[in-house]
Amino acid sequence: MKYVLMFIETEQYAKQLQDLDEPDRQAAYEAVTRWFAEHEGKITHHTHLAPVHTATTVRLDQGEPVVTDGPFVEGKEVVSGFAEIEVADLDEALRLARSWPACPIVEIRPVS
Amino acid sequence: MTGPTGGQEVLARAVREHAGRLAASLVSLLGDFSAAEDLVQDAVETALRRWPVEGVPDRPDAWLFTVAKRRGLDVLRRESNYRAKLARLTWPDPAPRDDRLRLVFTCCHPALSRAAQIALTLRVVCGLSAAQIAAAFVVPESTVAQRITRAKRKIAEAGIPYRIPAEEELPQRLNEVLAVIYLLFNEGYLSSTAERAHALDLVEEAEWLAALLVNLMPKEPEAAGLLALIRLHRARGAARFDGRGRLVLLADQDRSSWDRDAIAEATALLTRTARAHRQPGPYQVQAAIVACHAEAGTFADTDWAQILVLYDMLLHLAPSPVARLHRAVALRHVTGPEAALTELAGLGHALERYPLYHATRAELLRDLGRADEARRADEQALRLTANPAQQALLEQRLGWD
Numbered sequence: 032m033k034y035v036l037m038f039i040e041t042e043q044y045a046k047q048l049q050d051l052d053e054p055d056r057q058a059a060y061e062a063v064t065r066w067f068a069e070h071e072g073k074i075t076h077h078t079h080l081a082p083v084h085t086a087t088t089v090r091l092d093q094g095e096p097v098v099t100d101g102p103f104v105e106g107k108e109v110v111s112g113f114a115e116i117e118v119a120d121l122d123e124a125l126r127l128a129r130s131w132p133a134c135p136i137v138e139i140r141p142v143s
Numbered sequence: 148m149t150g151p152t153g154g155q156e157v158l159a160r161a162v163r164e165h166a167g168r169l170a171a172s173l174v175s176l177l178g179d180f181s182a183a184e185d186l187v188q189d190a191v192e193t194a195l196r197r198w199p200v201e202g203v204p205d206r207p208d209a210w211l212f213t214v215a216k217r218r219g220l221d222v223l224r225r226e227s228n229y230r231a232k233l234a235r236l237t238w239p240d241p242a243p244r245d246d247r248l249r250l251v252f253t254c255c256h257p258a259l260s261r262a263a264q265i266a267l268t269l270r271v272v273c274g275l276s277a278a279q280i281a282a283a284f285v286v287p288e289s290t291v292a293q294r295i296t297r298a299k300r301k302i303a304e305a306g307i308p309y310r311i312p313a314e315e316e317l318p319q320r321l322n323e324v325l326a327v328i329y330l331l332f333n334e335g336y337l338s339s340t341a342e343r344a345h346a347l348d349l350v351e352e353a354e355w356l357a358a359l360l361v362n363l364m365p366k367e368p369e370a371a372g373l374l375a376l377i378r379l380h381r382a383r384g385a386a387r388f389d390g391r392g393r394l395v396l397l398a399d400q401d402r403s404s405w406d407r408d409a410i411a412e413a414t415a416l417l418t419r420t421a422r423a424h425r426q427p428g429p430y431q432v433q434a435a436i437v438a439c440h441a442e443a444g445t446f447a448d449t450d451w452a453q454i455l456v457l458y459d460m461l462l463h464l465a466p467s468p469v470a471r472l473h474r475a476v477a478l479r480h481v482t483g484p485e486a487a488l489t490e491l492a493g494l495g496h497a498l499e500r501y502p503l504y505h506a507t508r509a510e511l512l513r514d515l516g517r518a519d520e521a522r523r524a525d526e527q528a529l530r531l532t533a534n535p536a537q538q539a540l541l542e543q544r545l546g547w548d
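Protein sequence lines correspond, in order, to chains G and X. For the first sequence, our numbering gives the first residue as 32, with consecutive numbering after it. For the second sequence, our numbering gives the first residue as 148, with consecutive numbering after it.
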């Protein structure tokens with residue numbers, strides 16, 4: 032089955048990462064790179080999104096399309112990237128998500 | 148063949164014993180959780196209609212299976228591959244053990260909400276109807292039906308697998324299953340009153356599920372602990388209410404009405420488990436505490452020092468404000484009400500909305516001769532409880548009845 036893992040960052044996590052000194056931050060990035068390499072066979076596609084201040088939202092449900100600055104939900108938790116995976120079932124997707132070494136929240140959604 | 152009333156009893160028993168097995172064998176074959184479960188419900192409804200008229204068949208389980216299978220053939224006639232599969236299916240005698248276990252683990256998958264886990268387990272494993280589950284939890288039937296429908300959709304669409312979890316996942320996943328059974332038991336234990344004696348007995352369902360789990364996973368000490376815990380509580384059930392349905396406190400209970408055989412059986416299971424595994428867990432320790440009460444000949448004979456030690460152990464294994472509250476009660480009998488009250492002072496914030504906290508404070512304050520404060524604490528407890536038996540007891544204490 033195909034799933035999308037959505038990686039969700041929190042303000043606190045972003046700050047923690049900011050506060051790390053250079054070698055530790057490097058190690059944190061390397062852990063992510065390693066994770067992608069280890070699960071290469073199951074990850075069909077993945078990408079990291081640019082920070083949330085670059086987001087633009089278009090609302091189409093209010094007559095004329097309304098364009099606003101920022102994400103569609105303002106929040107302390109934002110999607111920072113995603114990976115599409117191909118695994119047997121939700122349990123395997125959960126195992127993968129549990130081993131994710133970076134941001135603190137992962138949403139798992141089947142791709143229909 | 149039995150008369151109409153006997154028919155219903157036999158049906159209830161057959162459903163409890165076989166619905167899970169029936170659903171499990173159909174799921175493993177069809178690979179479709181929802182369809183299998185519908186077939187079982189359908190067979191049960193047919194039995195409800197026909198057994199009172201035609202009498203109970205000699206082998207109710209085989210009868211239910213035949214009806215479920217025949218109905219499945221009708222429903223799936225257009226899908227020829229299913230039909231060929233279904234036609235080959237025979238009622239396994241006895242069923243492969245792991246089918247029901249897989250079913251329990253699927254129903255209690257952590258990707259489902261706790262409410263959905265409970266509803267699904269009762270429906271699919273215990274074979275209860277949405278109406279029965281709704282009555283037990285005092286929620287609208289439509290809510291239960293919706294929970295079950297959504298859970299089944301999630302199982303199918305999110306790819307929740309139908310299998311026993313891998314070895315390394317088992318402890319965590321077993322905890323989910325035990326927690327669901329424990330919640331069923333708690334719900335039944337707290338809300339069971341004499342007025343509802345004829346309503347669904349969740350304690351019985353929980354005991355049945357725990358026994359099933361022990362049978363299927365004999366090497367899990369906490370499963371045995373939970374079974375012992377439920378059985379010990381059930382053994383004392385008859386003494387918990389008086390003739391008018393009012394709660395009787397442990398100190399005032401008629402101990403001659405306790406089920407001594409069940410107590411002996413549960414304590415033997417507990418001892419056997421402790422010796423074989425030497426791996427205490429929260430359920431085993433809670434059971435050991437209840438066993439201390441159950442084995443005391445009179446309230447005065449209660450070994451409170453031992454109970455206090457067990458509560459310390461429980462707090463070490465699974466710290467919780469409620470466990471600390473109960474420990475304070477034991478402390479009252481070992482050290483005195485003053486010490487117990489001091490203990491409670493630290494819990495006021497965490498347990499402010501918990502009626503038993505205020506009722507316990509009331510008792511301690513009364514012990515210490517602080518009648519006005521005791522009365523206010525009892526009134527606070529009364530405001531917080533929705534359980535009619537607890538209300539009656541508190542009203543009695545306040546002199547309102």
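Ideal Cβ placement from N, Cα and C applies to all residues, glycine included.
**Request:** Classify ALA341 of chain X as helix, strand or coil using the three-state DSSP reduction.
**Result:** Here the model assigns ALA341 of chain X a pLDDT of 43, short of 50, so the residue's position is not dependable, and the following value carries that caveat. Helix.
**Message:** What does DSSP give as the partner residue(s) for LEU394 of chain X in the beta ladder?
**Reply:** X:PHE388
**Message:** Which runs of the alpha helix (DSSP H) at least 4 residues long sit entirely within the segment 392 to 464 of chain X? Give them in chain order.
**Reply:** 407 to 424, 429 to 442, 451 to 464
**Message:** Per DSSP, what are the beta-bridge partners of THR41 of chain G in this structure?
**Reply:** G:GLU108
**Prompt:** Measuring CB to CB, does LEU478 of chain X end up less than 8 Å from ALA486 of chain X?
**Reply:** yes
**Request:** Note down, in chain order, all residues in the segment 129 to 142 of chain G with a beta-carbon under 9 Å from any beta-carbon belonging to chain X.
**Result:** ILE139, ARG140, PRO141
**Prompt:** Which chain G residues are close to GLU304 of chain X, counting only those with a beta carbon under 8 Å from its beta carbon?
**Reply:** PRO141, SER143
**Request:** Taking MET32 of chain G as the query, report the chain X residues whose CB atoms sit under 8 Å from its CB, ordered along the chain.
**Result:** Taking the beta carbon of MET32 of chain G as reference, the chain X residues within 8 Å of it are GLY306, listed in sequence order.
**Prompt:** Would you call PRO484 of chain X buried or exposed, if buried means 16 or more other Cβ atoms sit within 10 Å of its Cβ?
**Reply:** Counting Cβ neighbours within 10 Å, PRO484 of chain X comes out buried, since at least 16 surround it.
**Asked** Would a C-beta distance cut-off of 8 Å place GLY101 of chain G and THR88 of chain G closer than the cut-off?
**Response** yes
**Asked** Between ALA524 of chain X and the rest of its own chain, which residues show a CB-CB distance below 7 Å, the 5 nearest in sequence each way excluded?
**Response** Within its own chain, the residues whose Cβ lies closer than 7 Å to the Cβ of ALA524 of chain X, once the five positions on either side in sequence are excluded, are HIS505, ARG508, ALA509, LEU512, listed in chain order.
**Message:** Rounded to whole angstroms, what is the Cα-Cα separation between ALA411 of chain X and PRO429 of chain X?
**Reply:** The C-alpha of PRO429 of chain X is placed about 21 Å away from the C-alpha of ALA411 of chain X.
**Asked** First and last residue of the alpha helix (DSSP H) that includes ILE139 of chain G?
**Response** Per DSSP, ILE139 of chain G belongs to no alpha helix (DSSP H); it is in the beta strand (DSSP E), 136 to 141.
**Message:** When you compare the CB of LEU121 of chain G with every CB in chain X, is at least one pair closer than 8 Å?
**Reply:** Residue-level contact check: LEU121 of chain G touches chain X, since one or more beta carbons of chain X fall below 8 Å from its beta carbon.
**Request:** Ignore the nearest five residues each way along the sequence and tell me which others in ALA528 of chain X's own chain have a CB closer than 6 Å to its CB.
**Result:** The beta carbon of ALA528 of chain X sits closer than 6 Å to those of PRO502, HIS505, ALA506, LEU541, all from its chain and outside the five residues before and after it, given in chain order.
**Message:** Run through the DSSP bridge pairs and tell me what LEU36 of chain G is partnered with.
**Reply:** In the DSSP output, where bridge partners are listed per residue, LEU36 of chain G has G:ALA114, G:ILE139.
**Start and end residues, alpha helix (DSSP H) containing HIS505 of chain X** = 502 to 514
**Asked** Taking a cut of 7 Å between CB atoms, which residues from the segment 251 to 278 of chain X lie near chain G?
**Response** Listed by position, the residues of the segment 251 to 278 of chain X near chain G (Cβ gap below 7 Å) are ALA258.
**Item:** PRO312 of chain X: contacting residues in chain G (beta-carbon distance under 8 Å)
**Value:** ASP122
**Message:** Can you tell me where the beta strand (DSSP E) holding ARG90 of chain G begins and where it ends?
**Reply:** 87 to 90
**Asked** Quick one: what does DSSP say ILE307 of chain X is sitting in, helix, strand or coil?
**Response** coil
**Asked** chain B beta carbons: is any one of them nearer than 8 Å to that of ARG500 of chain X?
**Response** You won't find chain B in this structure, because its protein chains are G and X.
**Asked** What are the start and end residues of the alpha helix (DSSP H) that includes HIS496 of chain X?
**Response** Run containing HIS496 of chain X: none; DSSP gives neither H nor E here.
**Request:** Determine the direct distance from the alpha carbon of PRO466 of chain X to that of LEU373 of chain X, and round the result to whole angstroms.
**Result:** 18 Å
**Message:** In whole angstroms, give me the CA-to-CA distance for PHE38 of chain G and PHE113 of chain G.
**Reply:** 6 Å
**Item:** HIS76 of chain G classed as buried or exposed, judged by whether at least 16 other C-beta atoms fall within 10 angstroms
**Value:** With fewer than 16 Cβ atoms within 10 Å of its Cβ, HIS76 of chain G is classed as exposed.
**Prompt:** Taking Cβ positions only, does ASP50 of chain G come closer than 8 Å to chain X?
**Reply:** Answer no: the Cβ-Cβ gap between ASP50 of chain G and chain X never drops below 8 Å.
**Item:** Bounding residues of the beta strand (DSSP E) (the contiguous stretch that carries HIS77 of chain G)
**Value:** 74 to 79
**Request:** Give me the Cα-Cα distance between ALA536 of chain X and ALA62 of chain G, rounded to the nearest whole angstrom.
**Result:** 57 Å
**Message:** Does the segment 359 to 373 of chain X come into contact with the segment 418 to 436 of chain X, if we say contact requires no fewer than three beta-carbon pairs (one atom in each stretch) closer than 8 Å?
**Reply:** yes
**Message:** Taking only three categories from DSSP, how would you classify THR296 of chain X?
**Reply:** Under the three-state reduction of DSSP, THR296 of chain X is assigned to helix.
**Asked** Can you tell which of X:ALA386, X:GLU323, X:GLY390 has its C-alpha closest to the C-alpha of GLN400 of chain X?
**Response** The shortest CA-to-CA distance from GLN400 of chain X to any of X:ALA386, X:GLU323, X:GLY390 is the one to X:ALA386.
**Message:** Looking at ALA124 of chain G: is its Cβ nearer than 8 Å to the Cβ of ILE136 of chain G?
**Reply:** no
**Request:** Over the uninterrupted beta strand (DSSP E) stretch that includes ASP100 of chain G, give me the two end residues.
**Result:** 97 to 100
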